[in-house]
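Since the structure comes first, as structure tokens, the remarks are kept for the end.
Protein chains: 2
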Amino acid sequence: MAENQEEVKLLGVDGSPFVCRVKIALKFKGIEYKFVEENLANKSEDLLKYNPVYKKVPVFVHNEKPISESLVILEYIDEVWKQNPILSSDPYQKSLARFWAKFIDDKIVTSSFKAVFAVNDEKEREKNVEESTEALKILENELKGKFFGGEEINFVDIAAVFIAFWIPLVQEIADLKLFNDEKFPKLYNWSQEFLNHSVVKENLPPRDPLFAFFKSRYDALLAAASK
Amino acid sequence: MAENQEEVKLLGVDGSPFVCRVKIALKFKGIEYKFVEENLANKSEDLLKYNPVYKKVPVFVHNEKPISESLVILEYIDEVWKQNPILSSDPYQKSLARFWAKFIDDKIVTSSFKAVFAVNDEKEREKNVEESTEALKILENELKGKFFGGEEINFVDIAAVFIAFWIPLVQEIADLKLFNDEKFPKLYNWSQEFLNHSVVKENLPPRDPLFAFFKSRYDALLAAASK
Numbered sequence: 001m002a003e004n005q006e007e008v009k010l011l012g013v014d015g016s017p018f019v020c021r022v023k024i025a026l027k028f029k030g031i032e033y034k035f036v037e038e039n040l041a042n043k044s045e046d047l048l049k050y051n052p053v054y055k056k057v058p059v060f061v062h063n064e065k066p067i068s069e070s071l072v073i074l075e076y077i078d079e080v081w082k083q084n085p086i087l088s089s090d091p092y093q094k095s096l097a098r099f100w101a102k103f104i105d106d107k108i109v110t111s112s113f114k115a116v117f118a119v120n121d122e123k124e125r126e127k128n129v130e131e132s133t134e135a136l137k138i139l140e141n142e143l144k145g146k147f148f149g150g151e152e153i154n155f156v157d158i159a160a161v162f163i164a165f166w167i168p169l170v171q172e173i174a175d176l177k178l179f180n181d182e183k184f185p186k187l188y189n190w191s192q193e194f195l196n197h198s199v200v201k202e203n204l205p206p207r208d209p210l211f212a213f214f215k216s217r218y219d220a221l222l223a224a225a226s227k
Numbered sequence: 001m002a003e004n005q006e007e008v009k010l011l012g013v014d015g016s017p018f019v020c021r022v023k024i025a026l027k028f029k030g031i032e033y034k035f036v037e038e039n040l041a042n043k044s045e046d047l048l049k050y051n052p053v054y055k056k057v058p059v060f061v062h063n064e065k066p067i068s069e070s071l072v073i074l075e076y077i078d079e080v081w082k083q084n085p086i087l088s089s090d091p092y093q094k095s096l097a098r099f100w101a102k103f104i105d106d107k108i109v110t111s112s113f114k115a116v117f118a119v120n121d122e123k124e125r126e127k128n129v130e131e132s133t134e135a136l137k138i139l140e141n142e143l144k145g146k147f148f149g150g151e152e153i154n155f156v157d158i159a160a161v162f163i164a165f166w167i168p169l170v171q172e173i174a175d176l177k178l179f180n181d182e183k184f185p186k187l188y189n190w191s192q193e194f195l196n197h198s199v200v201k202e203n204l205p206p207r208d209p210l211f212a213f214f215k216s217r218y219d220a221l222l223a224a225a226s227k
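One line per chain: the protein sequences are U and P, in this order. Counting from 1, one number per residue, gives the positions in the first sequence under the UniProt record's numbering. Counting from 1, one number per residue, gives the positions in the second sequence under the UniProt record's numbering.
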């Protein structure tokens with residue numbers, strides 16, 4: 001394998017679910033890379049140069065060629081490094097995986113974040129609780145095996161790290177029950193299997209500092225709303 | 001080629017930019033298919049069965065296997081029918097095409113529609129005029145050749161049919177100048193080349209009925225707003 005002679009870099013922050021997706025994929029494939037921790041309050045010149053459109057992380061850089069958008073990065077990684085595929089070689093299975101990963105981004109990520117952080121708008125919060133619940137229900141019914149990928153994790157599992165790790169963390173701050181074993185038993189079991197997968201486990205951010213980070217953000221919003 | 005013995009169906013409506021993308025791709029590849037016109041006010045059982053999640057068009061059905069989401073469909077078509085590729089075989093070029101097609105969907109489609117149809121909220125309209133202008137500027141700078149695909153159309157060109165055909169149509173209704181040759185000369189030239197491409201030209205919906213459709217929608221919003 002040539003990857004050790006290549007330059008593989010990931011610009012990111014530890015607490016981002018989108019960065020975490022890329023870390024999991026890289027580890028799953030066994031690719032060595034350099035992680036460059038960004039300070040989003042003071043973005044590096046590299047970040048601005050590599051992702052001038054969004055100026056966001058993750059940015060994946062392979063031999064000086066930058067790629068943004070976590071799902072686009074995952075597809076690239078899977079095409080360049082063939083070992084341990086995360087997408088099926090069958091075009092139909094691949095299209096289903098793309099559909100569900102996009103579904104997670106479009107229907108679950110934003111609504112569950114808003115359900116927690118829309119502190120000054122009870123109607124908006126309720127609307128987003130409903131939307132994320134509805135979407136999680138659809139995904140619950142979609143889960144057929146141990147993982148979305150069957151016996152091993154795939155593209156959809158990796159995209160869904162947001163559900164397994166981030167939703168439980170942020171819902172606790174707002175004392176919400178968006179996602180638990182009572183409401184979504186299959187998805188909850190999946191999340192436990194997934195979080196305990198060796199590759200996933202060692203690439204999750206430490207829980208406590210991340211909880212403190214989101215809690216302080218939540219408290220600041222609450223303080224601003226009550227003024 | 002086996003495609004003539006296969007069942008290839010597209011469920012859609014004529015006036016949808018997302019359906020139009022799939023039509024262009026199928027024609028570009030020379031794939032025979034059956035177009036099933038949907039009535040969105042009274043959706044068919046097939047549509048509800050094939051796309052239970054969104055109940056939206058386009059749905060592409062290949063030998064009874066349904067796929068939703070226009071960009072996911074384009075990728076599937078490109079993988080199954082290899083002639084006249086719309087995505088490069090180079091993983092990096094492919095990732096750039098995916099990035100820009102997603103950019104069009106995330107940053108241009110919604111904002112330009114809202115710029116036209118937010119008739120009862122001037123602030124919202126202005127915000128969306130700004131957002132779509134900003135995004136079109138970024139895309140203008142990205143265009144290097146005759147087409148996004150170089151000498152021939154590719155995935156990004158097909159995604160951008162929305163810009164070439166739909167924005168000029170809806171902006172006229174609201175008397176806005178979101179996209180024209182003064183503001184975006186390169187992108188405007190591209191749009192003319194693209195709309196005159198033989199494959200594109202014959203797959204665009206007839207302009208007048210579509211204009212009338214959007215105009216009546218606009219007038220209805222306006223009437224509701226002035227009550």
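Every residue, glycine too, gets a C-beta built ideally from N, C-alpha and C.
Exercise for review: For my contact list, residue 237 of chain P and phenylalanine 99 of chain U are in at a C-beta cut-off of 8 Å; report their separation, rounded to the angstrom.
Suggested key: Residue 237 of chain P cannot be examined here, being either before or after the span of chain P that is shown, 1 to 227.
Exercise for review: Report the option in U:Ile31, U:Lys29, U:Pro66 whose CA atom is closest to the CA atom of aspartate 46 of chain U.
Suggested key: In the first sequence, the residue the question calls residue 46 of chain U occupies position 46. In this structure, U:Pro66 is the residue among U:Ile31, U:Lys29, U:Pro66 with its C-alpha nearest to the C-alpha of aspartate 46 of chain U.
Exercise for review: Report yes if the CB atom of isoleucine 158 of chain P is closer than 8 Å to the CB atom of leucine 74 of chain P, and no otherwise.
Suggested key: Numbered from 1 along the second sequence, position 158 holds the residue referred to as residue 158 of chain P. Numbered from 1 along the second sequence, position 74 holds the residue referred to as residue 74 of chain P. Closer than 8 Å, so yes.
Practice item. Find the residues of chain P that neighbour lysine 56 of chain U, judging by a C-beta separation of less than 8 Å, and give them in chain order. Key: Taking the first residue of the first sequence as position 1, residue 56 of chain U is located at position 56. Here the premise fails: no neighbours, minimum Cβ distance about 12 Å.
**Study point:** Span separating the alpha-carbon of leucine 71 of chain P from that of leucine 71 of chain U
**Key:** Counting from 1 along the second sequence, the entry for residue 71 of chain P is found at position 71. Counting from 1 along the first sequence, the entry for residue 71 of chain U is found at position 71. One C-alpha to the other measures close to 13 Å.
Check your understanding: Which bits of chain U does lysine 123 of chain P rub up against, with CB to CB less than 8 Å?
Key -> Mapped onto the second sequence, residue 123 of chain P falls at position 123. Going along chain U, no residue has its Cβ under 8 Å from lysine 123 of chain P, so there is no contact; the nearest lies around 17 Å.
Check your understanding: Using the beta-carbon count (16 or more within 10 Å), is valine 87 of chain U buried or exposed?
Key -> Reading the first sequence from its first residue, position 87 is the one you call residue 87 of chain U. Checking the sequence, you will find leucine at residue 87 of chain U rather than valine. With 16 or more Cβ atoms within 10 Å of its Cβ, leucine 87 of chain U is classed as buried.
Point to revise | Listed by chain order, chain U residues near phenylalanine 99 of chain P by CB distance under 9 Å | key: If you number the second sequence from 1, residue 99 of chain P lands on position 99. Chain-order list of chain U residues neighbouring phenylalanine 99 of chain P: Val53, Ile67, Ser68, Glu69, Val72, by C-beta distance under 9 Å.
Check your understanding: Do you know how far the Cα of leucine 187 of chain U is from the Cα of leucine 143 of chain U?
Key -> On the first sequence, position 143 is the one that residue 143 of chain U refers to. On the first sequence, position 187 is the one that residue 187 of chain U refers to. Going from the Cα of leucine 143 of chain U to the Cα of leucine 187 of chain U covers about 7 Å.
Point to revise | Neighbourhood of phenylalanine 117 of chain U by C-beta distance below 7 Å, restricted to the same chain and skipping five residues each side | key: As a working mapping, residue 117 of chain U is identified with position 117 in the first sequence. The answer, listed in chain order, is Tyr218, Leu221.
Check your understanding: Which residues, in chain order, does the segment 112-145 of chain U contribute to contact with chain P at a C-beta distance below 8 Å?
Key -> Residues Ile138.
Exercise for review: Report yes if the C-beta distance between valine 13 of chain P and valine 57 of chain P is below 8 Å; otherwise report no.
Suggested key: Mapped onto the second sequence, residue 13 of chain P falls at position 13. Mapped onto the second sequence, residue 57 of chain P falls at position 57. Yes.
Exercise for review: Compute the Euclidean distance between the alpha carbons of valine 161 of chain U and lysine 94 of chain P, then round it to the nearest angstrom.
Suggested key: The sequence position of residue 161 of chain U within the first sequence is 161, counting from 1. The sequence position of residue 94 of chain P within the second sequence is 94, counting from 1. Rounded to the nearest angstrom, the two C-alpha atoms are 25 Å apart.
Check your understanding: By the 10 Å Cβ neighbour count, where 16 or more other Cβ atoms means buried, how is asparagine 189 of chain U classified, buried or exposed?
Key -> To locate residue 189 of chain U, count along the first sequence from 1; it is residue 189. Classification for asparagine 189 of chain U: exposed.
Review point. Excluding five sequence neighbours on each side, which residues of the same chain lie with their C-beta closer than 7 Å to the C-beta of histidine 197 of chain P?
Key: By one-based count along the second sequence, residue 197 of chain P stands at place 197. Closer than 7 Å at Cβ, skipping near neighbours: Ile153.
Check your understanding: So, helix, strand or coil for lysine 49 of chain P, using DSSP?
Key -> For this step, residue 49 of chain P is matched to residue 49 along the second sequence. Secondary structure at lysine 49 of chain P: helix, using DSSP grouped into helix, strand and coil.
Check your understanding: Beta carbon of arginine 125 of chain P, beta carbon of alanine 115 of chain P: below 8 Å?
Key -> In the second sequence, residue 125 of chain P corresponds to position 125, counting from 1. In the second sequence, residue 115 of chain P corresponds to position 115, counting from 1. Cβ distance < 8 Å, so arginine 125 of chain P and alanine 115 of chain P count as in contact.
Point to revise | the segment 164-171 of chain P in contact with the segment 195-210 of chain P per 3-pair CB rule at 8 Å | key: Segments in contact, yes.
Check your understanding: Hey, how far is the Cα of alanine 2 of chain U from the Cα of tryptophan 81 of chain U?
Key -> As a position in the first sequence, residue 2 of chain U is number 2, starting the count at 1. As a position in the first sequence, residue 81 of chain U is number 81, starting the count at 1. Low local confidence applies: a pLDDT of 48 at alanine 2 of chain U is under 50, so the model's placement there is unreliable, with the coordinate-based value given in what follows. Approximately 10 Å between the Cα atoms of the pair.
Check your understanding: For the alpha helix (DSSP H) that contains leucine 96 of chain P, what are its first and last residues?
Key -> Here residue 96 of chain P corresponds to residue number 96 of the second sequence, with the count starting at 1. Element bounds for leucine 96 of chain P: 91-103.
Point to revise | Through-space distance from alanine 41 of chain P to valine 119 of chain P, alpha-carbon basis | key: Here residue 119 of chain P is taken as the residue at index 119 of the second sequence, counted from 1. Here residue 41 of chain P is taken as the residue at index 41 of the second sequence, counted from 1. Roughly 23 Å separates the two Cα atoms.
Check your understanding: Any idea what DSSP makes of phenylalanine 179 of chain U, helix, strand or coil?
Key -> On the first sequence, residue 179 of chain U is found 179 positions in, with the first residue counted as 1. Phenylalanine 179 of chain U falls in the coil class under three-state DSSP.
Review point. On the three-state DSSP scale, how would you describe proline 85 of chain U?
Key: Sequence index remark: in the first sequence, residue 85 of chain U carries index 85 (1-based). Proline 85 of chain U: coil per DSSP, three-state reduction.
**Study point:** Spatially closest choice to leucine 10 of chain P from P:Lys34, P:Ser216, P:Gln171, by CA coordinates
**Key:** Here the question's residue 10 of chain P lines up with position 10 in the second sequence. It is P:Lys34.
Practice item. Give me the Cα-Cα distance between aspartate 105 of chain P and cysteine 20 of chain U, rounded to the nearest whole angstrom. Key: Residue numbering aside, residue 105 of chain P sits at position 105 when the second sequence is read from its first letter. Residue numbering aside, residue 20 of chain U sits at position 20 when the first sequence is read from its first letter. Going from the Cα of aspartate 105 of chain P to the Cα of cysteine 20 of chain U covers about 24 Å.
Point to revise | Backbone secondary structure at glutamate 142 of chain U - three-state DSSP | key: Position 142 of the first sequence holds residue 142 of chain U. It is helical.
Exercise for review: Say whether chain P places a C-beta atom closer than 8 Å to the C-beta of valine 8 of chain U.
Suggested key: Translated into the one-based positions of the first sequence, residue 8 of chain U becomes position 8. Not one chain P Cβ lies under 8 Å of valine 8 of chain U.
Check your understanding: What span of residues does the beta strand (DSSP E) with valine 119 of chain P cover, start to end?
Key -> Residue 119 of chain P sits at position 119 when you count from the first residue of the second sequence. In the DSSP assignment, valine 119 of chain P falls outside any beta strand (DSSP E), carrying neither H nor E.
Point to revise | Three-state secondary structure (DSSP) of valine 36 of chain U | key: What you label residue 36 of chain U is simply residue 36 of the first sequence in a count that begins at 1. Strand at valine 36 of chain U.
Review point. Since proline 91 of chain U meets chain P, which of its residues come closer than 7 Å, beta carbon to beta carbon?
Key: Looking up residue 91 of chain U in the first sequence gives position 91. Within 7 Å Cβ-Cβ: Tyr76, Glu79, Val80.
**Study point:** Three-state secondary structure assigned by DSSP to lysine 56 of chain U
**Key:** Here residue 56 of chain U refers to the residue found at position 56 of the first sequence. Coil at lysine 56 of chain U, not helix or strand.
Check your understanding: Is the beta carbon of glutamate 122 of chain U sitting closer than 8 Å to the one on asparagine 63 of chain U?
Key -> Position 122 of the first sequence, counting from 1, holds the residue named residue 122 of chain U. Position 63 of the first sequence, counting from 1, holds the residue named residue 63 of chain U. Contact flag unset, no.
Practice item. Give the range of the beta strand (DSSP E) segment to which proline 209 of chain U is assigned. Key: Position 209 of the first sequence, counted from the start, is the residue given in the question as residue 209 of chain U. First-last for proline 209 of chain U: 207-225, but that is the alpha helix (DSSP H), not the beta strand (DSSP E).
Point to revise | Neighbouring residues, chain U, relative to lysine 102 of chain P (Cβ below 8 Å) | key: In the second sequence, the residue the question calls residue 102 of chain P occupies position 102. Near lysine 102 of chain P (Cβ distances below 8 Å), the residues of chain U are Glu69, Val72.
**Study point:** Chain-ordered neighbours of serine 95 of chain U on chain P, where CB pairs are closer than 7 Å
**Key:** In the first sequence, residue 95 of chain U corresponds to position 95, counting from 1. The contacting residues are Ile67, Val72, Glu75, Tyr76.
Point to revise | isoleucine 24 of chain U to glutamate 151 of chain U span [Cα, whole Å] | key: Here residue 24 of chain U refers to the residue found at position 24 when the first sequence is read from its first residue. Here residue 151 of chain U refers to the residue found at position 151 when the first sequence is read from its first residue. Taking the Cα positions, isoleucine 24 of chain U is about 17 Å away from glutamate 151 of chain U.
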